[in-house]
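A short write-up of the structure that comes next.
Protein chains: 2
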Amino acid sequence: MLTNPRSDRVKAVRALSRRSVRSRTGEFLAEGPQAVREAVTFRPELVRDVYVTPEAGERHAGIVEAARAASVWVHEVSPEVLAAMCDTESPQGVAAVCRVLDLPLDSVLADLPTDAIVCVLTNVRDPGNAGTVIRGADAAGADAVLVSDASVDVYNSKVVRSTVGSLWHLPLSIGASVPEILSALRDRGVRLLAADGAGTTLLHDADLSGPHAWVMGNEAWGLPQEVRDACDDVVRVPIHGHAESLNLAMAATICLYASAEARRTSR
Amino acid sequence: MLTNPRSDRVKAVRALSRRSVRSRTGEFLAEGPQAVREAVTFRPELVRDVYVTPEAGERHAGIVEAARAASVWVHEVSPEVLAAMCDTESPQGVAAVCRVLDLPLDSVLADLPTDAIVCVLTNVRDPGNAGTVIRGADAAGADAVLVSDASVDVYNSKVVRSTVGSLWHLPLSIGASVPEILSALRDRGVRLLAADGAGTTLLHDADLSGPHAWVMGNEAWGLPQEVRDACDDVVRVPIHGHAESLNLAMAATICLYASAEARRTSR
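From first to last, the protein sequence lines are chains A and B.
Start counting the first sequence at 1; every next residue gets the next number (full-length UniProt numbering).
Start counting the second sequence at 1; every next residue gets the next number (full-length UniProt numbering).
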């Protein structure tokens with residue numbers, strides 16, 4: 001059992017809370033049972049080490065079994081060591097060092113189905129929003145999430161936590177610029193729908209019949225004019241009451257579910 | 001200008017961060033420009049005092065004008081006084097002491113339209129979730145929000161903040177027990193739809209044609225069996241991908257928007 005919270009190994013894991021270290025090593029830390037369970041279940045080949053306290057090892061025996069079955073190293077650690085490794089205040093006794101899982105833009109696009117639903121995050125800065133949109137995209141059955149270069153790092157612990165495991169469920173590409181993403185989608189025949197409160201097309205009037213991508217803007221300032229202009233349509237979720245707006249995660253989830261419903265009825 | 005952060009008035013305002021004081025006085029504090037703007041715009045008769053720093057008074061001149069036009073007292077305060085009054089770390093220079101705005105259950109139900117959409121929150125504990133659901137209900141055009149007795153206090157500063165002003169937009173009743181709420185709705189001919197991941201009816205198959213209420217459970221454990229049994233149907237939002245679930249606010253907003261869409265197409 002690892003018991004020294006000041007050991008080099010603990011320091012190396014803890015250093016993954018810094019974006020620069022994640023970039024250099026190509027690794028990040030998944031904290032908490034839900035994230036670790038999804039990682040070892042869906043992408044075990046990307047999990048390098050699982051760290052678990054004795055107590056959590058008993059409570060989450062399934063995670064430990066799944067990890068061992070996939071030949072992932074499982075290390076028993078003291079609660080102090082786990083706390084020293086993690087960014088989260090209460091990691092619930094388990095964490096895993098994982099390889100990053102994003103793919104080049106072209107390879108994600110090459111694998112899209114003919115009735116693809118894609119979610120594009122541009123300039124999204126709040127970790128909770130980014131993670132919740134990824135979770136919503138997963139739930140709605142989206143085929144890919146593309147995150148532009150000026151957005152929050154998806155391997156930030158708060159993003160990882162708020163995806164509640166969805167990070168490991170669907171193809172993800174990060175780091176391309178917004179123009180690159182839009183033009184690559186257009187080249188593949190994917191219709192571009194800007195989701196914006198300034199849109200003139202209401203969601204229920206939008207054409208969701210073919211492959212399409214929802215382009216979401218920054219949580220505070222929305223999408224800049226040039227991005228809206230580059231899209232095929234600018235769509236807004238109707239506000240029926242007096243609310244000023246919906247938040248980004250809610251708007252994205254409603255749009256993605258409208259796409260899922262259109263796909264369900266056409267299949 | 002009020003400049004003494006230790007004055008009795010400041011202490012009395014600050015005390016509104018305690019639920020017991022809010023209950024006794026029937027008052028709560030709205031913090032930040034968005035909440036104060038909606039309060040003085042939509043329910044000025046419920047606003048007792050607006051407190052504003054000189055700098056915020058200039059930046060949000062519209063709020064100050066609207067308050068004065070509605071004969072609300074506006075007090076200039078130093079930033080230190082405002083900080084001492086508020087629960088929020090950065091109240092952005094403005095706050096207002098407001099009368100609580102909930103109504104008795106019977107009077108909310110008496111005013112429902114014949115194609116009512118109602119949102120019922122039972123045992124919701126997280127302030128951010130409760131506030132975001134109220135915001136979503138407002139955006140979807142719901143006619144009332146009913147919050148059961150065992151839920152978070154809607155006048156908690158975090159709930160108020162996360163409603164982003166929607167608290168003042170739609171009829172609200174709080175404090176009745178879940179059985180009371182369900183039986184009062186049933187007596188009014190409102191169909192009861194439990195929203196729960198354990199539901200056998202998928203959202204797109206649910207009957208949303210008449211007046212109906214979405215009954216939402218606790219964020220962690222959902223709805224207890226007896227509440228599901230007391231409803232006319234148990235409905236789940238389909239999960240198309242591998243996500244384990246949607247969070248409460250997302251599920252509620254998707255259900256409420258499905259209701260709004262059903263109402264739009266039938267009107």
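For each residue, glycine too, the CB sits at the ideal point set by N, CA and C.
Using a Cβ-Cβ distance cut-off of 9 Å, determine whether residue i contacts chain B.
i: residue 280/A; result: This structure gives no information on residue 280/A, because the portion of chain A shown stretches from 1 to 267.
i: H169/A; result: yes
i: A137/A; result: yes
i: I254/A; result: yes
i: A39/A; result: no
i: F42/A; result: yes
i: E261/A; result: yes
i: R34/A; result: The residue asked about is misnamed: residue 34/A is Gln in this sequence, not Arg. Output row for Q34/A: interface = yes.
i: Y257/A; result: yes
i: R161/A; result: no
i: R125/A; result: no
i: T3/A; result: no
i: T132/A; result: yes
i: residue 269/A; result: A question about residue 269/A goes unanswered here, because the residues of chain A that appear run from 1 up to 267.
Excluding five sequence neighbours on each side, which residues of the same chain lie with their C-beta closer than 6 Å to the C-beta of residue i?
i: N129/A; result: E219, L248, A249
i: S173/B; result: D102, L103, L105, V108, L146
i: S177/A; result: D149
i: S245/A; result: G197
Classify residue i: buried if its beta carbon has 16 or more other beta carbons within 10 angstroms, exposed otherwise.
i: W214/B; result: buried
i: E38/B; result: buried
i: M1/B; result: exposed
i: W221/B; result: exposed
i: G26/B; result: exposed
i: T122/B; result: buried
i: E31/B; result: buried
i: S20/A; result: exposed
i: R267/A; result: exposed
i: D207/B; result: exposed
i: D205/A; result: exposed
i: A61/A; result: exposed
i: G93/A; result: buried
i: E113/A; result: First, the residue type needs correcting, since residue 113/A is Pro and not Glu in the sequence shown. Counting Cβ neighbours within 10 Å, P113/A comes out exposed, since fewer than 16 surround it.
i: D187/A; result: exposed
Rounded to whole angstroms, what's the CA-CA distance from residue i to residue j? Just pull it up for me.
i: V97/A; j: R161/A; result: 14 Å
i: G131/B; j: Y155/B; result: 10 Å
i: L16/B; j: P91/B; result: 15 Å
i: A140/A; j: D196/A; result: 19 Å
i: Y51/A; j: R24/A; result: 22 Å
i: G136/A; j: G189/A; result: 24 Å
i: R68/A; j: S151/B; result: 42 Å
i: T3/A; j: V77/A; result: 6 Å
i: C86/A; j: K158/A; result: 11 Å
i: D115/A; j: T163/A; result: 24 Å
i: A56/B; j: R9/B; result: 20 Å
i: L192/A; j: H212/A; result: 6 Å
i: S183/A; j: R14/A; result: 38 Å
i: A110/A; j: A144/A; result: 11 Å
i: T265/A; j: T53/B; result: 55 Å
i: F28/B; j: V100/B; result: 7 Å
i: L167/B; j: R125/B; result: 17 Å
i: E45/B; j: A142/B; result: 23 Å
Determine, for residue i, whether the minimum Cβ-Cβ distance to residues of chain A falls below 9 Å.
i: H240/B; result: yes
i: S245/B; result: yes
i: D233/B; result: no
i: S90/B; result: no
i: R59/B; result: no
i: V237/B; result: yes
i: G164/B; result: Note that residue 164/B corresponds to Val in the displayed sequence, not to Gly. So yes, V164/B belongs to the interface.
i: R267/B; result: no
Closer than 8 Å to a non-hydrogen atom of the ligand PLP - does that hold for the CB of residue i?
i: C98/A; result: Although the ligand PLP was asked about, the structure shown includes no ligands whatsoever.
Among the residues of its own chain, which have a CB less than 7 Å from the CB of residue i, if the five just before and after it don't count?
i: D49/A; result: W73, H75, A96, V97
i: A251/A; result: A195, V237
i: P5/B; result: E80, V81, A84
i: D229/A; result: none
i: G199/A; result: V234, V235, R236
Spatial neighbours of residue i within its chain, please: C-beta separation below 8 Å, excluding the five flanking residues on both sides.
i: L203/A; result: V235, R236, V237, P238, I254, C255, A258
i: V40/B; result: V47, V50, I63, A66, A67, A70, V72, A96
i: H169/A; result: E38, F42, D138
i: V227/B; result: T122, V178, L182, A194, V215, G217
Practice problem: Can you give me, in chain order, the residues of the region 179–213 of chain B that have a beta carbon less than 9 Å from any beta carbon in chain A? | Solution: L203, H204
Quiz item: Got a sec: which bits of the region 97–114 of chain A sit with their beta carbon under 9 Å from any beta carbon on chain B, in order along the chain?
Solution: none
Quiz item: Which of the residues in the region 11–26 of chain B, read from start to end, lie with their CB under 9 Å from any CB of chain A?
Solution: none
Exercise. Quick one: which residues of the region 139–156 of chain B get their C-beta closer than 8 Å to a C-beta of chain A? List them in chain order.
Key: Taking 8 Å as the Cβ-Cβ cut-off against chain A, the residues of the region 139–156 of chain B that qualify are A139, A140, G141, A142.
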